[in-house]
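J.: Below is a structure I'd like to ask you about.
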Amino acid sequence: MEAEKCFARSFLQQLEQKPVKFSEEFIAPLSRLDIVPQELNLPEINLPQWDGLNELRIEEQIDITIKTLRGPKKTTNIKARHSDTIYCIKKSVSNAFNVDLSQIRLLNKGKVLMDTKLVSDILESNQTKALLQLMIMEKKVPAEKTQISCKITEPTTTTQNETVQLLKLDTSFWEDLKAFLSTKLDTYANTKT
Numbered sequence: 001m002e003a004e005k006c007f008a009r010s011f012l013q014q015l016e017q018k019p020v021k022f023s024e025e026f027i028a029p030l031s032r033l034d035i036v037p038q039e040l041n042l043p044e045i046n047l048p049q050w051d052g053l054n055e056l057r058i059e060e061q062i063d064i065t066i067k068t069l070r071g072p073k074k075t076t077n078i079k080a081r082h083s084d085t086i087y088c089i090k091k092s093v094s095n096a097f098n099v100d101l102s103q104i105r106l107l108n109k110g111k112v113l114m115d116t117k118l119v120s121d122i123l124e125s126n127q128t129k130a131l132l133q134l135m136i137m138e139k140k141v142p143a144e145k146t147q148i149s150c151k152i153t154e155p156t157t158t159t160q161n162e163t164v165q166l167l168k169l170d171t172s173f174w175e176d177l178k179a180f181l182s183t184k185l186d187t188y189a190n191t192k193t
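Residue numbers (full-length UniProt numbering): 1 to 193.
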């Protein structure tokens with residue numbers, strides 16, 4: 001904030017030395033650019049030193065233990081950084097378990113983790129170890145490779161009599177329906193009056 005104040009003061013001082021007043025519609029020709037000050041005194045800004053590259057190199061590793069939920073019980077340990085995504089972990093798991101990447105679902109506390117989440121999102125502060133569950137989904141077979149057996153059936157024709165016969169139910173059903181509708185309609189008629 002102090003830097004902006006210093007800049008504004010120096011800018012106003014420059015304007016006071018050579019005041020320029022034009023109408024709102026005036027467009028200055030290029031030949032008049034010499035009246036504009038060539039240089040403004042900018043204040044020196046002291047920025048804090050950022051040692052980001054060294055911080056990234058020193059970033060501590062997290063031990064992630066991955067256990068399978070179904071099938072044969074297998075466990076593997078993977079080292080990851082806070083800035084790694086779940087997708088990076090999935091790639092490591094894919095290589096470790098020799099499974100296609102699309103078949104892998106990683107879970108934390110029973111919830112499926114999105115590929116775009118960071119490891120730091122699933123960890124609590126100062127946590128250096130994590131446990132994730134692995135669900136290996138069945139490989140989907142493309143529709144072209146599946147063999148479908150279709151039986152050719154003869155077209156059936158229905159007549160109105162068959163339809164009516166399908167609608168015939170036992171008499172107790174119709175009595176129950178009549179009682180139900182009469183109570184509902186009576187209640188509806190009473191509320192209208």
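Think of the CB as a built atom: it goes at the ideal place given N, C-alpha and C, for glycine as much as any other residue.
Would you kindly work out how many angstroms separate the C-alpha atoms of residue 212 and G71, rounded to a whole number?
T.: The first residue shown for the chain is 1 and the last is 193, placing residue 212 beyond what the model contains.
J.: Beta-carbon within less than 6 Å of T68's beta-carbon, same chain only, minus the 5 sequence neighbours each way: which residues are those?
T.: K74 and L134
J.: Looking only at its own chain, which residues have a Cβ that is under 6 Å from the Cβ of N41, when we skip the five neighbours before and after it?
T.: The residues are S10.
J.: Determine the DSSP secondary structure at D63, reduced to helix, strand or coil.
T.: Secondary structure of D63 (DSSP, three-state): strand.
J.: If you compare alpha carbons, which of P48, G110, E44 and A130 is closest to K79?
T.: A130
J.: Counting only runs that start and end within the stretch 78 to 150, where is the beta strand (DSSP E) found for 3 or more residues in a row?
T.: 104 to 108 and 129 to 136
J.: Can you tell me where the alpha helix (DSSP H) holding R9 begins and where it ends?
T.: E2 to Q17
J.: What separation, rounded to the nearest whole angstrom, lies between the Cα atoms of I122 and V99?
T.: Just so you know, the alpha carbons of I122 and V99 end up roughly 24 Å apart.
J.: Would you call the CB atoms of K90 and L106 closer than 9 Å?
T.: yes
J.: Nearest by alpha-carbon distance to M114: which of C88, N126 and F26 is it?
T.: C88
J.: For I104, which option in A3, G110 and S94 has the closest C-alpha, if you only look at C-alpha atoms?
T.: S94
J.: From this set, E16, E2 and S120, which residue's C-alpha is nearest D63's C-alpha?
T.: S120
J.: Quick check: the Cα distance between S83 and T116, rounded to an integer number of angstroms?
T.: A straight line joining the alpha-carbon of S83 with that of T116 spans about 11 Å.
J.: For T65 versus N77, is the C-beta distance shorter than 9 Å?
T.: yes
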